[in-house]
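J.: Numbering (the working numbering), first residue to last: 240 to 479.
Let me give you the structure first, and then I'll get to my questions.
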Ligand SMILES: [Zn+2]
């Protein structure tokens with residue numbers, strides 16, 4: 240069996256989506272890539288999470304062609320592939336229809352950065368893709384979804400804001416690994432919920448000041464990051 244460790248990591252990442260309450264039924268998917276082998280491991284399509292085993296994780300090449308596995312890969316594979324192809328630093332991708340992030344995606348509104356929790360993990364607002372055209376939907380829909388995400392980051396750092404809302408659909412997140420992509424989905428959902436509440440408390444609220452935003456973002460992610468115990472991606476180094 241190819242890539243036993245990666246299969247286990249991807250299985251675990253998918254189960255974490257369930258444990259965190261981000262997916263219903265078989266909605267959502269997570270994948271990881273071995274850059275060394277040029278192979279992607281992704282959840283199979285339509286298999287209930289409680290039945291998933293490492294053997295069922297589908298291995299594909301970087302073009303999305305199945306290399307090992309009897310099940311069909313997640314139907315969103317082509318979106319994941321596009322992110323892997325565009326961004327060499329991406330090691331994992333995750334997609335959910337989590338409630339609050341999906342509400343912003345359906346409203347086609349970027350999530351403004353209203354506070355330091357958001358700034359700790361995402362630089363600037365969480366962007367929304369353009370609405371796909373009828374042609375983009377009828378042919379290569381999933382790939383075009385990935386292209387629409389990448390278009391947002393043409394002049395921006397996709398690793399500094401590792402999330403995007405697909406207009407009328409839901410969020411995709413990414414990270415250095417499948418686990419990190421899932422963690423970004425969890426944090427995104429929290430940020431989306433708090434932003435919704437913030438506007439409820441004060442409909443005309445403005446994003447936080449650039450100085451406060453950058454202070455928080457850079458202390459965790461900048462070249463002079465000093466937060467935590469030396470590993471800025473350590474999930475135990477909680478935001479303050
Ligand atoms: Zn979806």
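For every residue, glycine included, the Cβ atom is placed at its ideal position computed from N, Cα and C.
Quick caveat, the model's predicted, so the values are computed rather than measured.
Could you check whether the region 360 to 372 touches the region 404 to 412, counting it as contact only if at least three pairs of C-beta atoms, one from each stretch, sit closer than 8 Å?
T.: Yes, the region 360 to 372 touches the region 404 to 412.
J.: For a quick check, are the C-beta atoms of residue 409 and residue 334 less than 8 Å apart?
T.: Closer than 8 Å, so yes.
J.: Using alpha carbons as the reference points, say which of 290, 457 and 351 lies closest to residue 443.
T.: Out of 290, 457 and 351, 351 has the C-alpha closest to the C-alpha of residue 443.
J.: Give me the Cα-Cα distance between residue 450 and residue 389, rounded to the nearest whole angstrom.
T.: Answer to the nearest angstrom: the Cα atoms are 27 Å apart.
J.: Kindly identify the DSSP beta-bridge partner or partners of residue 305.
T.: Answer is 299.
J.: Let me know the secondary structure DSSP gives residue 244 once reduced to three states.
T.: In this structure, residue 244 counts as helix in the three-state DSSP scheme.
J.: List in chain order: all unbroken beta strand (DSSP E) runs of 3+ residues lying wholly within the region 321 to 350.
T.: Whole beta strand (DSSP E) segments, 3+ residues: 331 to 334.
J.: Report all residues for which the CB-ligand distance to some heavy atom of ligand 1 is below 6 Å; order them along the chain.
T.: Cβ atoms closer than 6 Å to ligand 1 belong to 334, 336, 408 and 409.
J.: Within 10 angstroms of the Cβ of residue 272, are there 16 or more other Cβ atoms? Answer buried if so, exposed if not.
T.: It is buried - the Cβ of residue 272 has at least 16 other Cβ atoms within 10 Å.
J.: Alpha carbons only, please: which of 393, 336, 263 and 303 is nearest the one belonging to residue 321?
T.: Minimum Cα distance to residue 321 is reached at 303.
J.: Decide yes or no for the touch test of the region 390 to 399 against the region 416 to 427: beta carbon pairs closer than 8 Å, at least 3 of them.
T.: The region 390 to 399, when compared against the region 416 to 427, does not touch it at the 8 Å Cβ threshold.
J.: Less than 8 Å separating the beta-carbons of residue 280 and residue 329?
T.: Their beta carbons are not under 8 Å apart, which means residue 280 does not touch residue 329 by this criterion.
J.: Of the residues 262, 319, 460 and 305, which one's Cα is nearest the Cα of residue 287?
T.: For the residues 262, 319, 460 and 305, the minimum Cα distance to residue 287 belongs to 262.
J.: Once the 5 residues before and after residue 413 are set aside, which same chain residues still bring their CB inside 6 Å of it?
T.: Within the same chain, residue 413 has close Cβ partners 322, 329, 332, 401 and 420.
J.: Compare the beta carbon distance of residue 282 and residue 253 with 8 Å and say whether it is the shorter of the two.
T.: Yes, the Cβ-Cβ distance between residue 282 and residue 253 is below 8 Å.
J.: Mapping the DSSP letters down to three states, classify residue 281 as helix, strand or coil.
T.: Residue state, collapsed to three classes: strand.
J.: Just list the residues that DSSP pairs residue 312 with in beta bridges.
T.: The partner list for residue 312 (beta bridge, DSSP) reads 283.
J.: Using 10 angstroms around the beta-carbon of residue 359, count the other beta-carbons present and answer buried if the total reaches 16, otherwise exposed.
T.: Label assigned to residue 359: buried.
J.: Look at the alpha carbon of residue 242 and the alpha carbon of residue 295, and state the distance between them as a whole number of angstroms.
T.: So the alpha carbons of these two residues sit roughly 12 Å apart.
J.: By how many angstroms is the C-alpha of residue 448 removed from the C-alpha of residue 285?
T.: If you take the alpha carbons of residue 285 and residue 448, they lie about 44 Å apart.
J.: Hey, is the region 452 to 468 in contact with the region 374 to 386, meaning 3+ C-beta pairs nearer than 8 Å?
T.: No: the two stretches stay apart, fewer than three of their Cβ pairs being nearer than 8 Å.
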